[in-house]
Amino acid sequence: MKKLVFFLFISTFSLAQKDGFWDKERAFTKEIKLGSGNRTLVKVDELPEGTSEFVYRISLIDENGKITTSLASVLKAIPDPTGISQGTAGAITLTNAVSGDDTCIYGIFTSEKAGTQFLKDGKVDKACYSVKEAINKDSKVISIKNTSCLEHAPNIWFAFENKNWVMSTKIVLEVVAWVDYKMSRGWNLETKKELMAIGERLDWYKKSPKPDAFLAQFMESFAAKYKYSEFKQLLPVEKTRAIELIKEEAIKQSKQTNSYLKEIRYDIRMLMMNNKDKEAIDKYQQLVFDKALATDLDYSQMGALYLKTKQFTKAETYFNKAISLNKAEIRYQLNLAHVYLFTDRVSDAKKIHEQYKNQNISEYVSWIEATKSDFESFEKAGLPTQNFKKILRILD
Numbered sequence: 020m021k022k023l024v025f026f027l028f029i030s031t032f033s034l035a036q037k038d039g040f041w042d043k044e045r046a047f048t049k050e051i052k053l054g055s056g057n058r059t060l061v062k063v064d065e066l067p068e069g070t071s072e073f074v075y076r077i078s079l080i081d082e083n084g085k086i087t088t089s090l091a092s093v094l095k096a097i098p099d100p101t102g103i104s105q106g107t108a109g110a111i112t113l114t115n116a117v118s119g120d121d122t123c124i125y126g127i128f129t130s131e132k133a134g135t136q137f138l139k140d141g142k143v144d145k146a147c148y149s150v151k152e153a154i155n156k157d158s159k160v161i162s163i164k165n166t167s168c169l170e171h172a173p174n175i176w177f178a179f180e181n182k183n184w185v186m187s188t189k190i191v192l193e194v195v196a197w198v199d200y201k202m203s204r205g206w207n208l209e210t211k212k213e214l215m216a217i218g219e220r221l222d223w224y225k226k227s228p229k230p231d232a233f234l235a236q237f238m239e240s241f242a243a244k245y246k247y248s249e250f251k252q253l254l255p256v257e258k259t260r261a262i263e264l265i266k267e268e269a270i271k272q273s274k275q276t277n278s279y280l281k282e283i284r285y286d287i288r289m290l291m292m293n294n295k296d297k298e299a300i301d302k303y304q305q306l307v308f309d310k311a312l313a314t315d316l317d318y319s320q321m322g323a324l325y326l327k328t329k330q331f332t333k334a335e336t337y338f339n340k341a342i343s344l345n346k347a348e349i350r351y352q353l354n355l356a357h358v359y360l361f362t363d364r365v366s367d368a369k370k371i372h373e374q375y376k377n378q379n380i381s382e383y384v385s386w387i388e389a390t391k392s393d394f395e396s397f398e399k400a401g402l403p404t405q406n407f408k409k410i411l412r413i414l415d
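Going by our numbering, the letters in the sequence shown line up with residues 20 to 415, in that order.
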């Protein structure tokens, strides 16, 4: 295997990382008694998800010797991996001061097979990293992202050979991982591709005027809410619900709510034109009102649906809500006047018409023109027409 260059003191790390922690709770410690000239292989517990660097310390001590201060304790004073890069002094603080005169060589392997071969022949040419000169203590911090053979390795093994001629030795191996908060959530390049594929299948991604902005926000919001492992454990119904909720959040965060509502309003109008009123009401309720996205336009349009289907009480409620949200839009006043007319409150309807009959609904449509057009539509829809003439007399 090609030898790899390790960046032992992390002056080569790009920036000091404050976005992680030393996982002292899951620190690995192993005492190994090794006879003269013997070899051994030690499997390190699986590194925590999100490990971007790890530091290890090897101490060879006399039979009755003890480690006075654990590596995990030493790291309490070092806020992040770059704290070990402050020259020689930083390295010495990691190394156990009570190491004896015993010596060993060691290597780090990423497969048990390669490590087992070392037990047979003592060769470290297949090691991911090795020290061939006999040492009595050592400590290093290793960047996984800068070490290709470690990047996707599920486990690591430390292999040792006691270089004492006669005496056995006691080796203490300590390993502590630096866990990056973002990486610990499990969203790497490959898992993000999975998330991207989900986002690209969403209807809104295909309709959005800014699909890339929506997709980026969808992925960011999803990764912030769920760890990858949590996402994979969701039941299908839970996953569907989660995707829908985060889609809505991404629409808001990417400032596409207006475009989203515009698309839904168009769909609702098409359903109304095709006399699919119940379907239109259900869709509007589900996609807009249940999600608290409704504006005055939506209350007005839903009111029009209730008016068309002769649900006059509901229509009145929605028109009044539209008016409360936008008092300047007199179209809503006209809609309310229609409700009064259909519920035999003709005098109330007349008051509204008297107040606004000389104004325009829009730049090109007058109140009178809008009223007559609405009456024609109501007649075609089968709504009661007996009070229309009472209003038209006021307008003429």
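For each residue, glycine too, the CB sits at the ideal point set by N, CA and C.
Here the C-alpha atom of Val61 lies approximately 10 Å from the C-alpha atom of Thr135. Under DSSP, Ile51 takes part in a beta bridge, and its partners are Ile190. When C-beta atoms of the stretch 66–74 are compared with those of the stretch 141–153, fewer than three pairs fall below 8 Å, so the two segments do not count as touching.
CA-to-CA, the gap between Lys258 and Leu94 works out to about 40 Å. Under the three-state reduction of DSSP output, Ser78 falls in the strand class.
Segment contact: the stretch 233–247 against the stretch 263–275, three or more CB-CB distances shorter than 8 Å; contact assigned. With a cutoff of 8 Å on beta-carbon distance, Glu267 and Lys333 are scored as not near each other. In the three-state scheme derived from DSSP, where H, G and I count as helix and E and B as strand, Tyr245 is classed as coil. Ile413 and Lys369 do touch by the CB rule: their CB atoms are close to 6 Å apart, below 8 Å. Burial check for Lys226: the Cβ neighbour count within 10 Å stays below 16, so the residue is exposed. Counting every other CB atom within 10 Å of its CB across the protein chains shown gives Asn294 a total below 16, marking it as exposed.
Excluding residues up to 5 positions away in sequence, Thr129 lie with their Cβ nearer than 6 Å to the Cβ of Ala172 in the same chain.
For Met289, the number of other beta carbons within 10 angstroms of its own is below 16, and it is reported as exposed. Selection Ile349, Asp301, Tyr285, Ile80 evaluated against Ile371 yields Ile349 as nearest (Cα-Cα). CA-to-CA, the gap between Ser187 and Leu169 works out to about 31 Å.
Looking from the CA of Asp157, the closest CA among Tyr125, Lys145, Lys139, Ser167 belongs to Tyr125. Within its own chain, the residues whose Cβ lies closer than 6 Å to the Cβ of Tyr337, once the five positions on either side in sequence are excluded, are Tyr318, Met321, Gly322, listed in chain order. Annotation: Tyr383 is outside any beta strand (DSSP E) and is labelled neither H nor E by DSSP. Shortest Cα-Cα distance from Leu360 to any of Glu398, Pro403, Glu373 involves Pro403.
Rounded to the nearest whole angstrom, the CA to CA distance from Ser366 to Lys408 is 13 Å.
By the Cβ neighbour-count rule, Glu213 is exposed, with fewer than 16 other Cβ atoms within 10 Å of its own. Spanning the alpha carbons of Ala356 and Ser381 requires a straight line of approximately 17 Å. Under the three-state reduction of DSSP, Ile300 is assigned to helix.
Minimum Cα-Cα distance from Thr210 among the listed residues Ser392, Tyr247, Leu253, Lys229 corresponds to Tyr247. With a cutoff of 8 Å on beta-carbon distance, Pro67 and Val160 are scored as not near each other.
Ile300 and Phe308 have their C-alpha atoms spaced approximately 10 Å apart. The DSSP-derived three-state label of Ser240 is helix. About 15 Å separates the Cβ atoms of Ala46 and Ala96, ruling out a contact at the 8 Å cut-off. With distances taken between CA atoms, Lys327 lies nearest to Phe397 out of Phe397, Ala347, Gln374. Ile51 and Leu192 do touch by the CB rule: their CB atoms are close to 7 Å apart, below 8 Å. Assignment of Lys156 by DSSP, reduced to helix, strand and coil, places it in the strand class. Contact annotation: Ser55 and Trp176 have beta-carbon atoms that are not nearer than 8 Å. Counting every other CB atom within 10 Å of its CB across the protein chains shown gives Tyr351 a total of 16 or more, marking it as buried. Per DSSP, the continuous beta strand (DSSP E) segment holding Ile124 begins and ends at 123–128. Residue environment: Thr166 is assigned as buried (16 or more neighbouring CB atoms within 10 Å of its CB, all protein chains considered).
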